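When we follow the working numbering, the leftmost residue of the sequence shown carries the number 1, and every step to the right adds one. Every residue gets a Cβ at the ideal spot worked out from N, C-alpha and C, and that includes glycine. Note that the structure is a prediction, hence the values are computed from the model and not measured. First comes the structure, then the notes that go with it.
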Amino acid sequence: MSPSLPNTSLTATSVEYLRPPPSRPTASSHNARQTMRANRRVSALEIRFRKAVWAAGARGYRVRRRLPGRPDLVFPAVRLAIFVHGCFWHRCEVCRLPEPKANAEFWRDKLTQNVNRDAAATLELERTGWKPVVVWEHELRKDLHGVAARVAAQVVRMRGAHG
Ligand SMILES: [Zn+2]
């Protein structure tokens, strides 16, 4: 006996992080709920990543939402802006996750807007002397602490160069 509504639990385990929405949304309000839920999962992964970066020795980051693209992790002293991108929401070219078949036009528009916004943010950050770095969901799921160590090492290197 399985429940009639699949995948509606809010108590997502780490295995369920950032899973794309089901392919058969029934209404736009359902889409909105799925979006909010997926965003919460992105947030959970971001928080784990932030803690791992801190534990790897890179202190002094901020969450500076006013920068272009609203980076998830910012090191102002070395002008490093880190984005944690969900593979579905930002159309990861490694994972190439399928778009939902239902409401295809809605999803295509939405994801295209995301990708365009990402590109614009990258250009604007670089133009103003920031270094944008994208960390992908699939990298974090595979080796969160390895990615965190790499980012921390980059921060230390850049601080050395600035010091
Ligand atoms: Zn990916």
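Buried versus exposed call for A81 [16 or more other C-beta atoms within 10 Å across all chains shown]
Per the 10 Å Cβ criterion, buried.
When you measure from the CB of H145 to every non-hydrogen atom of ligand 1, does any distance come out below 7 Å?
no
Just to be sure I understand the criterion: a residue counts if its Cβ is closer than 5 Å to at least one heavy atom of ligand 1. Which residues meet that?
C87, C92, V94, C95, W136, H138
Taking all protein chains shown into account, do 16 or more other C-beta atoms lie within 10 angstroms of the C-beta of A153, making it buried, or fewer, making it exposed?
exposed
Skipping 5 residues on each side, what residues in its chain have a beta carbon closer than 6 Å to that of L164?
Only positions 1 to 163 of the chain appear in this structure, which leaves residue 164 out of reach.
Host alpha helix (DSSP H) of L123 (start-end):
104-127
Which complete beta strand (DSSP E) runs does the segment 46-104 hold, if anything under 3 residues is left out?
73-75, 80-85
Should L123 be labelled buried (16 or more other beta-carbon atoms within 10 Å of its own) or exposed?
With a threshold of 16 other beta carbon atoms within 10 Å, L123 falls short and is exposed.
Going by beta-carbon coordinates alone, are D164 and F83 separated by less than 8 Å?
Outside the shown range of the chain, which is 1 to 163, sits residue 164, and nothing can be said about it.
Among A120, A161, H145, R66, which has the Cα closest to the Cα of A55?
Among A120, A161, H145, R66, the Cα nearest to that of A55 belongs to H145.
Nearest-angstrom beta carbon gap, W130 and R79 [assumed within contact, 8 Å]:
5 Å
Check the DSSP bridge columns for V135 and list the partner residues they point to.
V84
Tell me the rounded alpha-carbon separation between N114 and V156.
31 Å
With a threshold of 16 other CB atoms inside 10 Å of the CB of V151, please say whether the residue is buried or exposed.
Label assigned to V151: buried.
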